[in-house]
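Asker: There's a structure below that I have some questions on.
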């Protein structure tokens, strides 16, 4: 099927309208519409008139699976593994697993799983899946990832794995258990490996005897072995999800009670501090209402929870996405993948973008099996509440797991041009057509009047368009810190970078306004869970401010304001913009301007003569300051900060939480005495952010 992109479809439609001299009339008609469903209906009719809606055939559930392709990928993985390129081998084996036909598994007893002596009902199916799983387990064992290796071995044993190779699998499983300090399990697996040696048709009798002797010697060694504890280096450490500081918020269920929701007509809803907040404190921990994984990560991260995983399980039907465990695979299928499974390939070719994918995910989660008319009536009622409480539930809470906060997010429809809205409506119409022609998303009740079915589809189209407007202004990225391989280092230090792995809709985070000099930072934990922390002191009553991607240290004011006005429809008036702070390279780093600790006014410049105690008096409040003592304390703290910064840059052997707290103390000292902007202040903030990033979604290949 030849599929053009949405941009190409849109351009073709515009060209047709130009040729037919209909641009003006269509623009006037479209501009009159006040309802998103009506906008999508117009776009759909125009696309049909010009034969621009893709004719989609029903999806065959085994489409995309291929024994031949799986074997080719596995063979390529074997070559990479032989060259000791574990990273390439891991990816190729994972792709082989994703592509292999998925057999219908028989129910196996624990005894069958333990010994491999199952009466496998899938002997007629391909061995491709089992072989790819087993080969990937070999790579994982080589990498020292024993838990993931065991997971792949368990999966391989479920399917038609050749008897002649089973001894290898049980030997590997035994050595994994040995490495993890599970001696009894190791002995048991190695004994099973010995039993399966007789079926190893690829070995000579002489070689079988050598392997048998080696295994029995290892078993005897383990029986006499007295473990002294498992090396922590062999365990897969999962980052601990932080908790909010202080008590839970009674309104914003994902936030701490150190913040509250407020409203002012000139700035809309915003989050403000209810008490003084210190750097490093956690203001919110939020699971998104919905999230999507970026296509580039389909073979390295779980499609459901967005966690990185080396032992991914394939979708049973498509070769596109994978999962970290059976629970995620089942949950994804029940919640959304039963609908989007046949759509992913064509929507990628459409190049609809991550926010449109996220809009579709939200629609599937919300509308599947729902009475849309009743749902829309309820949502519209919540959208008519006071400006502050839009999206609140009936019990007066604002919940991240509820759809109404996402429905009520601002989409800036009034500020959008007709062309902008028309293009989004065309995208929504194309996605809606795919839903209608390629899935069973819409009801097919023969007793339902056609007008009801049409109305249902238009309501879905309207919701798609609604979220294609409000998500670009409110969705957040899901990120991961990645350490690059040893071949890409700078002066012997591994290079790290933050990458985007997905996009998500967060109800509470969407309430936080922007500043080019933010006082909070977001990090992604456990896949798609967002943690919001303070990165400088926030005074009681002060607004909590995030950064929407345009920071004063990285972009000049003209660029920042241009992008913010284009995407978010506001002009930024933060201190960095109103005072036109310089970018990072031009930030002051010598001769600081000192502040009065009482009233925050600028102090007279001190001479700072070391031979005498110099006291400077504030011209505004008459508070006295011992400048020799202040400057001495700052200099000592700066020396310690320089050492801490070296640890952050090296990324080796650090207790990140402890180091972050030491850096916070230095930041508090700078904040107390020195006027910003100040280069060391910026450096300290970045170092604190990097420390917390190392405790969040963070991954490094062996370097």
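Numbering (the UniProt record's numbering), first residue to last: 1 to 703. Every residue gets a Cβ at the ideal spot worked out from N, C-alpha and C, and that includes glycine. This one's a predicted model, so the numbers in the text were calculated from it and none came from an experiment.
By DSSP, does residue 508 sit in helix, in strand, or in coil?
Answerer: DSSP places residue 508 in coil when its eight states are reduced to three.
Asker: Strictly by DSSP, which residues pair up with residue 476?
Answerer: 504, per the DSSP bridge assignment.
Asker: Whose C-beta lies closer than 7 Å to the C-beta of residue 475 among residues of the same chain, with five residues either side of it excluded?
Answerer: Counting only Cβ-Cβ distances below 7 Å, and skipping sequence neighbours, we find 355, 358, 503, 504 and 505.
Asker: Determine the closest residue to residue 69 out of 94, 243, 333 and 160, with distance taken between C-alpha atoms.
Answerer: Nearest of 94, 243, 333 and 160 to residue 69, Cα basis: 94.
Asker: Taking the alpha helix (DSSP H) that residue 578 falls in, what are its first and last residues?
Answerer: Its alpha helix (DSSP H) spans residues 575 to 578.
Asker: Excluding five sequence neighbours on each side, which residues of the same chain lie with their C-beta closer than 7 Å to the C-beta of residue 310?
Answerer: Excluding residues within five positions, the ones whose Cβ falls inside 7 Å are 90, 140, 145 and 148.
Asker: Where in the region 285 to 354 do unbroken runs of the alpha helix (DSSP H), each at least 4 residues long, occur, reported from the N-terminal end onward?
Answerer: Runs of the alpha helix (DSSP H) inside the region 285 to 354: 326 to 332 and 344 to 350.
Asker: Check this for me: beta carbons of residue 663 and residue 283, under 8 Å apart or not?
Answerer: It is not a contact, given that the beta carbons lie outside the stated cut-off.
Asker: Take residue 441 and list the residues in its own chain whose beta-carbon comes closer than 6 Å to its own, dropping the five residues that flank it on each side.
Answerer: The answer, listed in chain order, is 339 and 435.
Asker: Mind checking whether residue 547 and residue 516 have CB atoms under 8 Å apart?
Answerer: Cβ distance < 8 Å, so residue 547 and residue 516 count as in contact.
Asker: Could you tell me which whole alpha helix (DSSP H) segments of length 4 or greater appear in the region 634 to 683?
Answerer: Here the runs fully enclosed are 656 to 673.
Asker: Take the Cβ of residue 697 as the centre, count every other Cβ of all protein chains shown within 10 Å, and call the residue buried at 16 or more, exposed below.
Answerer: It counts as buried.
Asker: Taking 8 Å as the cut-off, does the region 624 to 639 touch the region 590 to 601 (at least 3 CB pairs, one atom from each stretch)?
Answerer: The answer is yes - the region 624 to 639 touches the region 590 to 601, with three or more Cβ pairs under 8 Å.
Asker: I think residue 511 touches residue 261, with their Cβ atoms under 8 Å apart; what is that distance to the nearest whole Å?
Answerer: Their Cβ separation, rounded to whole angstroms, is 6 Å, which keeps residue 511 and residue 261 in contact under 8 Å.
Asker: Could you tell me the distance, in whole angstroms, from the CA atom of residue 481 to the CA atom of residue 537?
Answerer: Between residue 481 and residue 537, the C-alpha separation is close to 25 Å.
Asker: What are the residues that DSSP puts in a beta bridge with residue 36?
Answerer: Note: residue 36 sits in no beta bridge, so no partner.
Asker: Name, in chain order, the residues that DSSP records as bridge partners for residue 725.
Answerer: Given a span of 1 to 703 for the chain in the structure shown, any question on residue 725 remains unanswerable.
Asker: My guess is that residue 313 and residue 326 are in contact by the Cβ rule of under 8 Å, so how many angstroms apart are they, rounded?
Answerer: Indeed, because the Cβ distance is near 7 Å, the residues count as touching under 8 Å.
Asker: Do the region 555 to 564 and the region 584 to 591 make contact, defined as three or more Cβ pairs closer than 8 Å?
Answerer: Judged by Cβ distances under 8 Å, the region 555 to 564 makes no contact with the region 584 to 591, as fewer than three pairs qualify.
Asker: Can you find at least 3 beta carbon pairs, one from the region 682 to 691 and one from the region 634 to 650, that sit closer than 8 Å?
Answerer: In short, these stretches touch, since the Cβ pair count reaches three.
Asker: Does the Cβ of residue 694 have 16 or more other Cβ atoms within 10 Å, making it buried, or fewer, making it exposed?
Answerer: When all chains shown are included, residue 694 counts as buried.
Asker: Apart from the five residues on each side of it in sequence, which residues of its chain come closer than 6 Å, Cβ to Cβ, to residue 372?
Answerer: Correct list, in chain order: 456 and 459.
Asker: So, with DSSP's three-state summary, where would you put residue 109?
Answerer: With a pLDDT of only 45 at residue 109, under the threshold of 50, the placement of this residue in the model should not be trusted; the figure read from the coordinates follows. The answer is coil: DSSP assigns residue 109 none of H, G, I, E or B.
Asker: Please specify which runs of the beta strand (DSSP E), each continuous and at least 3 residues long, are wholly inside the region 245 to 291, giving them in chain order.
Answerer: The qualifying runs are 259 to 264, 268 to 273 and 282 to 286.
Asker: Would residue 348 and residue 534 qualify as a contact pair, given that the criterion is a beta-carbon distance under 8 Å?
Answerer: Not a contact, by the Cβ cut-off of 8 Å.
Asker: Could you please give the first and the last residue of the uninterrupted alpha helix (DSSP H) stretch that includes residue 167?
Answerer: Residue 167 -> alpha helix (DSSP H) spans 166 to 179.
Asker: Closer than 7 Å by C-beta to residue 732: which residues in its own chain qualify, once you throw out the five before and the five after it? Chain order, please.
Answerer: As shown, the chain starts at 1 and ends at 703. That puts residue 732 outside it, with no answer to give.
Asker: Measuring from the CB of residue 444, is there a heavy atom of the ligand COA at a distance below 7 Å?
Answerer: Here there are no bound small molecules, and the ligand COA is not part of this structure.
Asker: Output yes or no for whether 8 Å exceeds the beta carbon distance between residue 128 and residue 100.
Answerer: Yes, they are a contact pair.
Asker: Where do the ends of the beta strand (DSSP E) carrying residue 533 lie?
Answerer: It spans 529 to 534 - the beta strand (DSSP E) in which residue 533 sits, taken as one unbroken run.
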